[in-house]
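Chains as they are written, first to last, in the numbering used here: chain A, 1 to 338; chain B, 339 to 676. From the three backbone atoms N, C-alpha and C, an ideal C-beta is built for every residue, glycine too. One structure below.
Protein chains: 2
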Amino acid sequence: MKNIAVIGYGVIGKRVADAINVQDDMNLVGVCDVISDWRIQTAIKKGYSVFAATGQAMGQMKMSEIPVAGSMQNLLGQVDLVVDCTPKNIAAKNVEVYKKQGIKFILQGGEKHETTGHSFSAENNYSTALNIDATRVVSCNTTSILRTLTALKRADLLDYARGTLLRRATDPWESHLGGIMNTMVPEKEIPSHQGPDAQSVDPDLDVITSAVKVPQTLSHMHYWNVKLKKEASKEEVLNAFKTSTRIKLIHYDQGLVSNNTIKEMFMDMGRPWGDMYEVALWEDMLKVVGDELFYAYVVDNQAIVIPETIDAIRALTGIDSDGNKSIAKTNKSLGINQ
Amino acid sequence: MKNIAVIGYGVIGKRVADAINVQDDMNLVGVCDVISDWRIQTAIKKGYSVFAATGQAMGQMKMSEIPVAGSMQNLLGQVDLVVDCTPKNIAAKNVEVYKKQGIKFILQGGEKHETTGHSFSAENNYSTALNIDATRVVSCNTTSILRTLTALKRADLLDYARGTLLRRATDPWESHLGGIMNTMVPEKEIPSHQGPDAQSVDPDLDVITSAVKVPQTLSHMHYWNVKLKKEASKEEVLNAFKTSTRIKLIHYDQGLVSNNTIKEMFMDMGRPWGDMYEVALWEDMLKVVGDELFYAYVVDNQAIVIPETIDAIRALTGIDSDGNKSIAKTNKSLGINQ
């Protein structure tokens, strides 16, 4: 049984910890952070061993009566692989420590591709991540782009894709920090970074994106204009999307008319935090016009990378050499099915 | 001097009334509505003659001490042309009255093209509206599409255009009715109606749009992917846009990073209600990649059709047979310049 640590117990880290915890082929040794408030107290209540990332943090945790299991060094000494979910750019510094100690590591999409030299998306390149030392699970938006466009590519339908990304302004729990109201804030650069980021996994993808922040916190929404290689039927396109187990075809006509209704459905389903690991793509809105394809979907930025991270753990540690088996196992453990 | 009436004193009607009032070649005889609250009281304060659209409305206005100038019939008896700015689908009923009495009329974009048989956009088809009995000024989004794509077409650059429209949820003054919060609501149909609507003015335009409502009230924002007829430089594209006097090139780098900053600038400029009659297109965000063009712009849904409506009045009444002269005159009167 491989031993895993989660460094950074924030929006992604706490979800990764829970997801590791429900796998039967890996062991969560502990989580590590600098915080000592309600966020880390929840980890204690869940029974996770909590480690302090710094000496100062350990002092504060003890003052707050957090039963600290030890330092980050103590934690690293017990594990085969680290999932680093610290805020953007902090992981890059931790990497030096992981490398020095010969611990495998997984970074999240806020870090640069160059930091690991490998970027991961389970349905794309599980096999190239087998037994390597490090990878980066690409960001939420990029993961959704890879899942959908790769499905079209597998069916030999994709010529090129142009997307407009409506980004959530900030995460729900911290909407008072970075939140925006009654406005829309474009990303200055067109093309936006998500296209090139997808190419870090599949250099052959012809994809260009533009992005704009909108005043809501629930999820991202993408609108795509895709040039197909040939004229195709709607059925052919849907069949292509159905080859991914992590695309969920949804129906506007069944009352799923917005991203808050979709969120509510996933809450109703009993998913933790209402998490949606799938790309929710509107089947009835999807339109084929000649050799052009138009569709829209929703991306849960807090959840979509969680199953990818579990698969990345299996690939890097060699728990399973077969990507499809890992994906199926992860899907089952998290309740993902079509 | 041609005599004009405005029927419906709402978001568009009150702006059209003010715009007519500052022209020196047309006469605003009066405005007509059913309301008797603060909205119509403002019209009285501005010195406009207020007429009652129904007998019941006249009774209520008198009770509210609005000095009613007469009935809608009284108003219609004094005018050459009516601008009908009543809410969607109401104008279609009024049309029967206008036709019966032989009064020329202009409808707004919420009505169907078939109701008038002519749809108007000043830079496109002023000449075909000369001295005709009726036209429809196309909607805010459609007006912006026509201005921008026609500019590219004039420069022989446009092959086809695909757009994603981020629509304001409702108007600022009535955000408690129709307002949405912390969600995004797609229009069910892809393609959305704006593409075909643009074709009601220019049937040769190859344009497909998708639309989604976002939780803000200030303006619409469009993202466009355009296929050019040939590879072109950014300068060529900008020069094409500069041939329209109603496209304003703006700069993200000058602090115009969102639609609320743009709104504030137009307020600072002293425009009534901060109205932006122009399409505000980001010059520095605009990107040409080979024979593809990417750009974003903002559309003030309350204001963009106002200058178009003034030009439509001149065309239908024959005040000026030269569209360019009318556009220049309207621009000057409303403070529109590049």
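* **chain B residues whose Cβ lies nearer than 8 angstroms to that of Met285 of chain A** => Pro524, Lys526, Glu527, Ile528
* Any Cβ of chain A within less than 8 angstroms of the Cβ of Leu576 of chain B? -> no
* To do: Specify, as a first and last residue, the run of the beta strand (DSSP E) that Asp606 of chain B falls within.
  => Run containing Asp606 of chain B: none in the beta strand (DSSP E); it sits in the alpha helix (DSSP H), 597 to 606.
* In the stretch 16 to 81 of chain A, which residue ranges form an unbroken beta strand (DSSP E) of at least 3 residues, counting only runs that do not cross its ends? -> 26 to 33, 50 to 52
* **Identified DSSP bridge partners for Leu228 of chain A** => A:Leu158
* Could you name the residues that DSSP lists as bridge partners for Ser457 of chain B? => B:Arg474
* Three or more C-beta pairs below 8 angstroms linking the stretch 260 to 280 of chain A and the stretch 212 to 227 of chain A -> Using a C-beta cut-off of 8 angstroms, the stretch 260 to 280 of chain A makes contact with the stretch 212 to 227 of chain A, since at least three inter-stretch Cβ pairs fall below that distance.
* Asked: In whole angstroms, what separates the C-alpha of Lys426 of chain B from that of Trp224 of chain A?
  -> 30 angstroms
* Asked: Under three-state DSSP, which class holds Ala296 of chain A?
  -> strand
* Asked: Of the choices B:Tyr590, B:Trp511, B:Gly516, B:Asn577, whose alpha-carbon is the least far from that of Trp611 of chain B?
  -> The candidate whose alpha carbon is nearest that of Trp611 of chain B is B:Trp511.
* To do: Take Ile404 of chain B as the anchor and find which of B:Val369, B:Tyr436, B:Lys431 has the nearest alpha-carbon.
  => Ranked by how close their Cα comes to the Cα of Ile404 of chain B, the residues B:Val369, B:Tyr436, B:Lys431 have B:Val369 in first place.
* Would you check if the stretch 78 to 98 of chain A and the stretch 56 to 65 of chain A touch, i.e. whether three or more CB-CB distances between them fall below 8 angstroms? => no
* 8 angstroms contact criterion, which Pro384 of chain B and Met364 of chain B should meet: CB distance rounded -> For the record, residue 384 of chain B in the displayed sequence is Lys; it is not Pro. So it is not a contact: roughly 17 angstroms between Cβ atoms.
* Asked: Would a C-beta distance cut-off of 8 angstroms place His113 of chain A and Ser244 of chain A closer than the cut-off?
  -> no
* **Cβ-based contacts, 7 angstroms cut-off: residues of the stretch 207 to 230 of chain A near chain B** => Identification of residues in the stretch 207 to 230 of chain A having a C-beta nearer than 7 angstroms to some C-beta of chain B yields Ile208, Ser210, Val212, Val214, Pro215, Gln216, Thr217, Leu218, Met221, Tyr223, Asn225, given in sequence order.
* To do: Could you tell me which residues DSSP puts in a beta bridge with Phe241 of chain A?
  => Its beta-bridge partners do not exist; DSSP assigns none.
* Which partner residues does Arg167 of chain A have in the DSSP bridge list? -> Looking at the DSSP output, Arg167 of chain A sits in a beta bridge with A:Lys213.
* To do: Please classify Ser321 of chain A: is it buried, with 16 or more other beta-carbons within 10 angstroms of its beta-carbon, or exposed?
  => That one is exposed.
* Asked: On the three-pair Cβ rule with 8 angstroms, is the stretch 191 to 199 of chain A touching the stretch 516 to 529 of chain B?
  -> Taking 8 angstroms as the limit for Cβ pairs, the verdict is that the stretch 516 to 529 of chain B does not touch the stretch 191 to 199 of chain A.
* Local conformation of Val201 of chain A per DSSP, three classes -> coil
* CA nearest to the CA of Asn679 of chain B, picked from B:Asn669, B:Leu587, B:Lys442, B:Lys586 -> Outside the shown range of chain B, which is 339 to 676, sits residue 679 of chain B, and nothing can be said about it.
* beta strand (DSSP E) segment containing Leu316 of chain A, residue limits -> Leu316 of chain A -> not in any beta strand (DSSP E); alpha helix (DSSP H) instead, spanning 305 to 317.
* For Trp620 of chain B, which residues does DSSP report across the bridge? -> The secondary-structure analysis by DSSP pairs Trp620 of chain B across a beta bridge with B:Ile588.
* Asked: Within 8 angstroms (strictly less), CB to CB, does Leu293 of chain A reach chain B?
  -> At a cut-off of 8 angstroms between beta-carbon atoms, Leu293 of chain A makes no contact with chain B.
* Determine the direct distance from the alpha carbon of Ile444 of chain B to that of Arg474 of chain B, and round the result to whole angstroms. => 6 angstroms
* Using CA coordinates, which residue listed in B:Asn520, B:Gly593, B:Tyr498 is at the minimum distance from Lys227 of chain A? -> B:Tyr498
* At least one CB of chain B closer than 8 angstroms to the CB of Ala296 of chain A: is that the case? -> yes
* **Chain-order list of residues whose beta-carbon lies under 8 angstroms from that of Ala467 of chain B (same chain, five-residue window excluded)** => His456, Phe458, Thr473, Ala650, Ala653, Leu654
* To do: Under 7 angstroms between beta-carbons, which chain A residues line up against Ser596 of chain B? List them in chain order, please.
  => Thr183, Met184, Val185
* Going straight from the alpha carbon of Ser513 of chain B to that of Met181 of chain A, what length do you get? -> 13 angstroms
* Nearest-angstrom Cα distance between Gly179 of chain A and Val214 of chain A? -> 10 angstroms
* State yes or no: is the beta carbon of Tyr590 of chain B nearer than 8 angstroms to at least one beta carbon in chain A? => By this cut-off, Tyr590 of chain B is an interface position.
* What are the start and end residues of the alpha helix (DSSP H) that includes Leu672 of chain B? -> Segment 661 to 672, the alpha helix (DSSP H) holding Leu672 of chain B.
* Determine contact between the stretch 630 to 640 of chain B and the stretch 475 to 486 of chain B, defined as no fewer than three beta-carbon pairs at a distance below 8 angstroms. => yes
* Outcome for Asn94 of chain A when other beta-carbon atoms lying within 10 angstroms are tallied against a minimum of 16 -> buried
* Asked: Alpha carbon to alpha carbon, what distance is there between Tyr436 of chain B and Ala391 of chain B?
  -> Counting only the Cα atoms, Tyr436 of chain B lies some 13 angstroms from Ala391 of chain B.
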